[in-house]
Amino acid sequence: GAVVSQHPSWVICKSGTSVKIECRSLDFQATTMFWYRQFPKQSLMLMATSNEGSKATYEQGVEKDKFLINHASLTLSTLTVTSAHPEDSSFYICSARANPGQGSLRELFFGEGSRLTVL
Amino acid sequence: DAKTTQPTSMDCAEGRAANLPCNHSTISGNEYVYWYRQIHSQGPQYIIHGLKNNETNEMASLIITEDRKSSTLILPHATLRDTAVYYCIVRSPTGTASKLTFGTGTRLQVTL
Numbered sequence: 003g004a005v006v007s008q009h010p011s012w013v014i015c016k017s018g019t020s021v022k023i024e025c026r027s028l029d030f031q032a033t034t035m036f037w038y039r040q041f042p043k044q045s046l047m048l049m050a051t052s053n054e055g056s057k058a059t060y061e062q063g064v065e066k067d068k069f070l071i072n073h074a075s076l077t078l079s080t081l082t083v084t085s086a087h088p089e090d091s092s093f094y095i096c097s098a099r100a101n102p103g104q105g106s107l108r109e110l111f112f113g114e115g116s117r118l119t120v121l
Numbered sequence: 067d068a069k070t071t072q073p074t075s076m077d078c079a080e081g082r083a084a085n086l087p088c089n090h091s092t093i094s095g096n097e098y099v100y101w102y103r104q105i106h107s108q109g110p111q112y113i114i115h116g117l118k119n120n121e122t123n124e125m126a127s128l129i130i131t132e133d134r135k136s137s138t139l140i141l142p143h144a145t146l147r148d149t150a151v152y153y154c155i156v157r158s159p160t161g162t163a164s165k166l167t168f169g170t171g172t173r174l175q176v177t178l
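Residue numbers (our numbering), protein chains in the order written: chain A, 3 to 121; chain B, 67 to 178.
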């Protein structure tokens, strides 16, 4: 089946630094990718929708200048957490939507997640 | 996406069927019912989806009531590996966003 890969799977950084997380669709083209954040024992919260070649759409309450999203190709979206602080420590998960018309309705595939710890 | 209501947690003995209910009373005509699960510290995994007919695949069965206001996910022979949080989501497959909005899900604990 379709595979979405995230890198790194975990990262530890110092407060004030920036961290980039990559989301790749390995065997399909993804016009749209979604970024979620999940705090311990909570559900996934959608942060933003990433569209190839255009600006991302952020959910209410998500700072676009802090969480920079770039979707430069049909197989790669990146999330950069700028000036990270301990409260940004979370599990970040991406999902990728296969291009419309390319098969089944289960066209949203999820990555394995990236755990960020900010010291 | 329409909201869904699921029990917070459920237990199931290994080898027995796990029946996970979901209420989606405000579902609209073109919205499908999707089920995903999330094993600890992993990304969500697709299980099954349906519109109005019952569906079955290698993982599970999905029973949707005739009025489509509720559904049940059935894991016919639960194993310890099925311990996870199960999310029931309704969404339209069309449209520019097609995003999934996750509720709180049901935490299924499979025990020996």
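Positions of the beta carbon are idealized from the N, C-alpha and C atoms, including for glycine.
Would you please state the rounded distance, in angstroms, between the beta carbons of residue i and residue j? I believe it to be under 8 Å.
i              : j             : result
residue 114(A) : residue 78(A) : Between residue 78(A) and residue 114(A) the Cβ distance is about 16 Å, and since that is not below 8 Å, they are no contact.
With H, G and I counted as helix, E and B as strand and the rest as coil, what does DSSP make of residue i?
i              : result
residue 10(A)  : coil
residue 82(B)  : coil
residue 134(B) : coil
residue 88(A)  : helix
residue 48(A)  : strand
residue 117(B) : coil
Rounded to whole angstroms, what is the Cα-Cα separation between residue i and residue j?
i              : j              : result
residue 52(A)  : residue 6(A)   : 15 Å
residue 78(B)  : residue 99(A)  : 33 Å
residue 139(B) : residue 110(A) : 19 Å
residue 90(A)  : residue 152(B) : 25 Å
residue 106(B) : residue 147(B) : 11 Å
residue 88(A)  : residue 14(A)  : 10 Å
residue 69(B)  : residue 155(B) : 8 Å
residue 158(B) : residue 96(B)  : 6 Å
residue 120(A) : residue 68(A)  : 14 Å
residue 30(A)  : residue 94(B)  : 30 Å
Starting from the beta carbon of residue i, find every residue of chain A whose beta carbon is closer than 8 Å, and list them in chain order.
i              : result
residue 107(B) : 93, 115 and 117
residue 165(B) : 36, 48 and 51
residue 110(B) : 46, 95, 97 and 112
Using a Cβ cut-off of 8 Å, pull out every chain B residue sitting near residue i, in sequence order please.
i             : result
residue 80(A) : Per Cβ cutoff of 8 Å: no residues; residue 80(A) is ~17 Å from chain B at best.
residue 19(A) : In chain order: nothing, as chain B lies at least about 23 Å away.
residue 30(A) : Residues of chain B passing the Cβ test: none, with the nearest at roughly 14 Å.
Against residue i, what residues of chain B qualify as contacts under a CB-to-CB distance less than 7 Å, listed in chain order?
i             : result
residue 45(A) : 168, 169, 170 and 171
residue 69(A) : The premise fails here: residue 69(A) is roughly 16 Å from chain B at the closest Cβ pair, so nothing lies under 7 Å.
Item to check | the stretch 113–124 of chain B in contact with the stretch 163–178 of chain B per 3-pair CB rule at 8 Å | outcome: Contact between the stretch 113–124 of chain B and the stretch 163–178 of chain B is absent, because fewer than three Cβ pairs lie under 8 Å.
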